[in-house]
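Below is one structure; the comments refer to it alone.
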Amino acid sequence: MNLTQTFASVVASSQIDANNIEPTVNNPAVATGAFSYMWLLLALPLLGAALLLIGGKRTDKWGPYFAIAMSCGAFVVGAIMYLKMLGLPANDRPVNLHIWDWVIVGRFQAPLGMQLDQLSIVFVLLITFVGSLIHIYSLGYMKHDPEKRKFFAYLNLFVAAMLLLVTADSYLLLYVGWEGVGLASYLLIGFWMYKPTAATAAKKAFVVNRVGDVGLSIAIMLMFVTFGSVTFPGVLNNAAEGNPTTMTWIGLMLLLAACGKSAQFPLQSWLLDAMEGPTPVSALIHAATMVTAGVYLIVRSGPIFDATPTARTVVMIVGAITLMFGAIIGCAKDDIKKALAGSTMSQIGYMILAAGLGPVGYVFAIFHLVTHGFFKANMFLGAGSVMHGMNDQLDMRRFGALRKVMVITFITFSCGWLAIMGVPPFAGFYSKDKIIEAAFGVNWIVGAVALLGAGITAFYMTRLWTMTFTGKSRWTEDNKHPHESSSVMWIPMAILAFLSVVAGFMLAGAIETWLAPVTGFEETELAVSSLVMEAASLALVIIGATIAYLQYRRDVPLVAPQHVSPLTVAARHDLYGDAFNEEVFMRPGQWLTRSLVFFDNRGIDGLVNGIAAALGGLSGRMRRIQTGFARSYALSMLGGAVLVIAALILVRT
Amino acid sequence: MSTTHYLVLSAILFSLGVLGVLVRRNALIVFMCVEMMLNASNLAFVAFAQQNGNLYGQTIAFFVMVVAAAEVVVGLAIIVTIYRTRRSASVDEPSLLKY
Numbered sequence: 005m006n007l008t009q010t011f012a013s014v015v016a017s018s019q020i021d022a023n024n025i026e027p028t029v030n031n032p033a034v035a036t037g038a039f040s041y042m043w044l045l046l047a048l049p050l051l052g053a054a055l056l057l058i059g060g061k062r063t064d065k066w067g068p069y070f071a072i073a074m075s076c077g078a079f080v081v082g083a084i085m086y087l088k089m090l091g092l093p094a095n096d097r098p099v100n101l102h103i104w105d106w107v108i109v110g111r112f113q114a115p116l117g118m119q120l121d122q123l124s125i126v127f128v129l130l131i132t133f134v135g136s137l138i139h140i141y142s143l144g145y146m147k148h149d150p151e152k153r154k155f156f157a158y159l160n161l162f163v164a165a166m167l168l169l170v171t172a173d174s175y176l177l178l179y180v181g182w183e184g185v186g187l188a189s190y191l192l193i194g195f196w197m198y199k200p201t202a203a204t205a206a207k208k209a210f211v212v213n214r215v216g217d218v219g220l221s222i223a224i225m226l227m228f229v230t231f232g233s234v235t236f237p238g239v240l241n242n243a244a245e246g247n248p249t250t251m252t253w254i255g256l257m258l259l260l261a262a263c264g265k266s267a268q269f270p271l272q273s274w275l276l277d278a279m280e281g282p283t284p285v286s287a288l289i290h291a292a293t294m295v296t297a298g299v300y301l302i303v304r305s306g307p308i309f310d311a312t313p314t315a316r317t318v319v320m321i322v323g324a325i326t327l328m329f330g331a332i333i334g335c336a337k338d339d340i341k342k343a344l345a346g347s348t349m350s351q352i353g354y355m356i357l358a359a360g361l362g363p364v365g366y367v368f369a370i371f372h373l374v375t376h377g378f379f380k381a382n383m384f385l386g387a388g389s390v391m392h393g394m395n396d397q398l399d400m401r402r403f404g405a406l407r408k409v410m411v412i413t414f415i416t417f418s419c420g421w422l423a424i425m426g427v428p429p430f431a432g433f434y435s436k437d438k439i440i441e442a443a444f445g446v447n448w449i450v451g452a453v454a455l456l457g458a459g460i461t462a463f464y465m466t467r468l469w470t471m472t473f474t475g476k477s478r479w480t481e482d483n484k485h486p487h488e489s490s491s492v493m494w495i496p497m498a499i500l501a502f503l504s505v506v507a508g509f510m511l512a513g514a515i516e517t518w519l520a521p522v523t524g525f526e527e528t529e530l531a532v533s534s535l536v537m538e539a540a541s542l543a544l545v546i547i548g549a550t551i552a553y554l555q556y557r558r559d560v561p562l563v564a565p566q567h568v569s570p571l572t573v574a575a576r577h578d579l580y581g582d583a584f585n586e587e588v589f590m591r592p593g594q595w596l597t598r599s600l601v602f603f604d605n606r607g608i609d610g611l612v613n614g615i616a617a618a619l620g621g622l623s624g625r626m627r628r629i630q631t632g633f634a635r636s637y638a639l640s641m642l643g644g645a646v647l648v649i650a651a652l653i654l655v656r657t
Numbered sequence: 003m004s005t006t007h008y009l010v011l012s013a014i015l016f017s018l019g020v021l022g023v024l025v026r027r028n029a030l031i032v033f034m035c036v037e038m039m040l041n042a043s044n045l046a047f048v049a050f051a052q053q054n055g056n057l058y059g060q061t062i063a064f065f066v067m068v069v070a071a072a073e074v075v076v077g078l079a080i081i082v083t084i085y086r087t088r089r090s091a092s093v094d095e096p097s098l099l100k101y
């Protein structure tokens, strides 16, 4: 069956030229040789998490180091897999390792297995590499935390769940990983749960994610009903023949899932609060890896979106909205981590936008995801380093002039800053400009939004950078001696900074060829040359950065000004995302529950209790008949007898 | 004398018995009235037996007498006991079995 389809697709795609590569049919080979050890990817971090959590306090001493070893071990395994894959021809690269038959019930077959192909190996390398660096960084950042062991156990749990998410060979197993990262995210956001804000933020992230998860589960059910299978080959190879309406619904439900996990409009509200977690968590989970799972889901489900232009357009629109949404929020935040979170939201908006463009964008969505993983993790770690030096101060209005006292952090952060703005030759330039070009190729409005977003990105990142590192010091009284962080913290930052610089031109061009067999690839055709596009976006970036620099170079008030434009006020309130949720979902929900409680108390309970009370009252009255006087009983007996006789007589006549 | 006369007498006796049971307080009188009702019915039975020319009614009358005798024994025993404990044979006073 699959073989026939392979031939069909080869015949159908006879018009392809060197620049347009159709995805080969999703038909992985059975894993052999080194690939048969790919289960170690999951087993190592899972072992770390299990040992540290079950071992308890006994593992306090060596636990964190063990967790780092497990994470690095997973990276080594991933690297071996990558090198092995590199030696194979493109069509032989996808491999599948069947682990065991998970659910075999009648028509429902859910084998448990791992699928490693060009797409998932990119994720495996990103997750394990950035993950390991952040593990090491955490050694310094969480040095004095009494619950350090638990923190590392959760980090390992997260790495295991995330690897499961990207190496699963079916949507059902992906769902397991999807929930696993949600759990790890919940545990880590609420790591300092003695802070009510952290506990609430964790709960909020979990609840909002649940909304998205419902979408994913509905999508999986629809897939099973439509295709009779939930495995990637079973669904994706047949997606083109699916009923368009069903495919649209599957696409929209997958988008809902992606919105929840990737903090996209309208489920974006949790990400800003998630910054309550420790900074390494924000860097790993809420910037580099977990929040990009939605992008992975959409790119992986490419054939489904190929079959439904409607859902794809919605994906694109959601991406464009979130891109602006996040950028605007990022402009108004004074909390350094929240500003970065707004930026993350916006950058993932770019990725989702690219994924919504179809084969012209899939590759660049992943490309931007990888470079963003490097430079955003770098900047979060930089922010963590600043916080560390500044006595956990988060308010950028109390920073300033840190350039001189935190030289390394300043340099690494600057690399990330230049990369996210898309200044050539930094990483963001290659990935983001490609997305903008591809967007213009599909729809000029979306392209314009993406282009404008680049300018706003430059504005808010320069604002953040300027307020933190340049100008005069505005440090608080109790914190006059900021210091550079220890080497265990700055070395991971330096590595990520290096990658923020070089990842762009290292991967540009290569990643298209690498991913095309899985995602497909089409060259964007533009009316104007790409040089003009690059010049336009660079001009906007320079304008945005200059405005921000001139505005925030000096004279930053210590307290945020109150008389500002309505847009700034709105952005400070996260563009009223929470207020909207509160008015539209929470309050009606509360009214509903209250009215239900009222109905239950007064209606249901009233009926039951009313019947009981009525019967009780009635029997209380009836009791009075029992007078105890023998003669009155005799009278009633007589009455009864007379009645019976009268009745008999009446009946007889 | 026709059966009707017997039946009228029986009805009168029975009604008197009922009346006695309902209006008198003394347990002994009430008891006697119960006996009177039993015997009124006996009279009716016998009258019918006479009319029908068989012995069924008469047999029933004997049964009633036997049962009445047994009843008298139990009933009088109860009345005597009540009288001993309460120094009264009124049927209204021992009204303990009530709500």
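Chains as they are written, first to last, in the working numbering: chain A, 5 to 657; chain B, 3 to 101. Even for Gly, the Cβ is constructed at its ideal location relative to N, Cα and C. All figures in this text were calculated on a predicted structure; none of them were measured in a lab.
Beta carbon proximity, residue i to chain A, threshold 8 Å
{"i": "B:VAL76", "result": "no"}
{"i": "B:SER97", "result": "yes"}
{"i": "B:VAL69", "result": "no"}
Close Cβ partners of residue i (< 7 Å) along its chain, the five nearest in sequence each way excluded
{"i": "A:LEU361", "result": "MET320, ALA442, ALA443, VAL446"}
Beta-carbon neighbours of residue i, restricted to chain A and to distances below 7 Å
{"i": "B:VAL10", "result": "Residues of chain A passing the Cβ test: none, with the nearest at roughly 17 Å."}
Cutoff 8 Å: residue i Cβ touching any chain B Cβ
{"i": "A:LEU639", "result": "yes"}
{"i": "A:LEU647", "result": "no"}
Straight-line gap, residue i to residue j (C-alpha atoms, nearest Å)
{"i": "A:ALA650", "j": "B:THR83", "result": "38 Å"}
{"i": "A:ASP339", "j": "A:MET400", "result": "6 Å"}
{"i": "A:PHE378", "j": "A:MET279", "result": "18 Å"}
{"i": "A:ALA343", "j": "A:CYS335", "result": "7 Å"}
{"i": "A:PRO150", "j": "A:ILE412", "result": "28 Å"}
{"i": "B:GLY77", "j": "A:ASP609", "result": "52 Å"}
{"i": "B:GLY86", "j": "B:GLY59", "result": "For the sequence presented, residue 86 of chain B should be read as Arg rather than Gly. If you take the alpha carbons of B:ARG86 and B:GLY59, they lie about 39 Å apart."}
{"i": "B:LEU15", "j": "A:ASN613", "result": "53 Å"}
{"i": "A:GLY508", "j": "A:PHE430", "result": "6 Å"}
{"i": "A:THR550", "j": "A:LEU544", "result": "10 Å"}
{"i": "A:MET42", "j": "A:VAL109", "result": "27 Å"}
{"i": "A:LEU519", "j": "A:LEU87", "result": "15 Å"}
{"i": "A:GLY255", "j": "A:THR249", "result": "10 Å"}
{"i": "A:SER504", "j": "A:GLY232", "result": "44 Å"}
{"i": "A:VAL185", "j": "A:LEU178", "result": "11 Å"}
{"i": "A:GLY607", "j": "A:GLN594", "result": "19 Å"}
{"i": "A:GLY644", "j": "A:SER623", "result": "21 Å"}
{"i": "B:VAL10", "j": "B:ASN56", "result": "21 Å"}
{"i": "A:THR283", "j": "A:ALA531", "result": "44 Å"}
Simplified DSSP state of residue i, which is helix, strand or coil
{"i": "A:ALA397", "result": "Position check: residue 397 of chain A holds Gln in this sequence, whereas Ala was assumed. Looking at A:GLN397 - three-state DSSP - the assignment turns out to be coil, as it is neither helix nor strand."}
{"i": "A:HIS148", "result": "coil"}
{"i": "A:HIS567", "result": "coil"}
{"i": "A:ASP105", "result": "strand"}
{"i": "A:ASP339", "result": "strand"}
{"i": "A:PHE112", "result": "strand"}
{"i": "A:GLN272", "result": "coil"}
{"i": "B:ALA91", "result": "coil"}
{"i": "A:ALA35", "result": "coil"}
{"i": "A:VAL99", "result": "strand"}
{"i": "A:GLN119", "result": "strand"}
{"i": "A:ALA172", "result": "strand"}
Listed by chain order, chain B residues near residue i by CB distance under 8 Å
{"i": "A:THR3", "result": "Because chain A here runs from 5 to 657, residue 3 of chain A falls outside it and cannot be looked at."}
9 Å Cβ cut-off: residues of chain B touching residue i
{"i": "A:ARG635", "result": "VAL23, LEU24, VAL25, ARG26, ARG27, VAL32, VAL93, ASP94"}
Own chain, CB closer than 6 Å to residue i, minus 5 neighbours either side, in chain order
{"i": "A:THR293", "result": "ILE131, MET166"}
{"i": "A:LEU571", "result": "none"}
{"i": "A:SER477", "result": "GLY404, ALA405"}
Chain-ordered neighbours of residue i on chain A, where CB pairs are closer than 8 Å
{"i": "B:VAL20", "result": "LEU642"}
is_contact[residue i, chain D] using C-beta, thresh 8 Å
{"i": "A:TYR175", "result": "Going by chain labels, chain D is absent from the structure shown, which instead holds the protein chains A and B."}
Proximity test, residue i beta-carbon vs the ligand COA heavy atom, cut-off 7 Å
{"i": "A:ALA405", "result": "Absence of the ligand COA is noted for the structure shown, with no ligands found whatsoever."}
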